[in-house]
Amino acid sequence: MAEPKRQPALPVDADEHVREMWDRMTRSYLLSVLSNDIIEEHRRSPTGHHSEPLARLLAWCQRRPLPEQYAVKAEADGSFRIVSMTGRRGIPPTYIGESRFASLEEARHGVLLQHISDLTGK
14 MAEPKRQPAL PVDADEHVRE MWDRMTRSYL LSVLSNDIIE EHRRSPTGHH
64 SEPLARLLAW CQRRPLPEQY AVKAEADGSF RIVSMTGRRG IPPTYIGESR
114 FASLEEARHG VLLQHISDLT GK
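Per the numbering used here, the sequence shown starts with residue 14, numbered consecutively.
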């Protein structure tokens with residue numbers, strides 16, 4: 014009986030494998046330190062020096078792939094809204110929900126809450 018012909022192994026993208034492994038480890042760490050205290054720390058001071066867990070959470074948010082990123086858009090009426098980046102040339106960002114924020118700081122906190130929602134799946 015003849016052996017079945019073996020398909021050649023597909024080359025594994027080592028860089029992608031390492032990125033996925035690093036992201037899994039980072040997400041696990043962030044979920045273990047995520048607390049109301051960290052969220053409140055960011056609400057009180059969305060910019061500036063932060064505790065290590067919050068700094069790591071913010072760094073993770075900034076390193077996410079562009080299609081998973083959020084930005085703040087200033088509206089003509091002076092309010093701010095959260096948009097989701099598409100990561101594709103010629104395709105504009107899309108609004109996330111109907112929420113409007115009175116200040117840039119509130120909107121930045123809203124962006125963090127959106128990232129946390131993505132992280133926790135809630």
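All C-beta atoms in this analysis are idealised placements derived from N, C-alpha and C, irrespective of residue type, glycine included.
Inter-residue spacing [alpha-carbon to alpha-carbon] between residue i and residue j
i    : j    : result
E29  : D90  : 43 Å
L117 : R37  : 31 Å
P80  : E111 : 20 Å
T107 : A115 : 19 Å
C74  : S92  : 23 Å
Q82  : I51  : 20 Å
R94  : V46  : 28 Å
R40  : G123 : 20 Å
G134 : H128 : 10 Å
V31  : L71  : 21 Å
S58  : E88  : 23 Å
R35  : R113 : One detail in the question is off: residue 35 reads as Trp in this sequence, not Arg. The alpha-carbon atoms of W35 and R113 are separated by roughly 34 Å.
E53  : S130 : 15 Å
N49  : R102 : 37 Å
K86  : L132 : 22 Å
T60  : E33  : 28 Å
A27  : S64  : 33 Å
Distance between beta carbons of residue j and residue i, contact taken as under 8 Å
i   : j    : result
M98 : A84  : 6 Å
H62 : L125 : Not a contact, Cβ separation roughly 16 Å.
L43 : R69  : 7 Å
P66 : G100 : About 28 Å; that fails the 8 Å criterion.
V96 : I109 : 6 Å
Bounding residues of the alpha helix (DSSP H) (the contiguous stretch that carries residue i)
i    : result
R121 : 117–133
What runs of the alpha helix (DSSP H), each 4 residues or longer, lie entirely inside the region 57–99? Segments of the alpha helix (DSSP H) lying fully in the region 57–99: 65–76.
Could you name each continuous alpha helix (DSSP H) segment of 4 residues or more that falls completely within the region 26–52, going from the start of the chain to the end? Complete alpha helix (DSSP H) runs here, min 4: 27–46.
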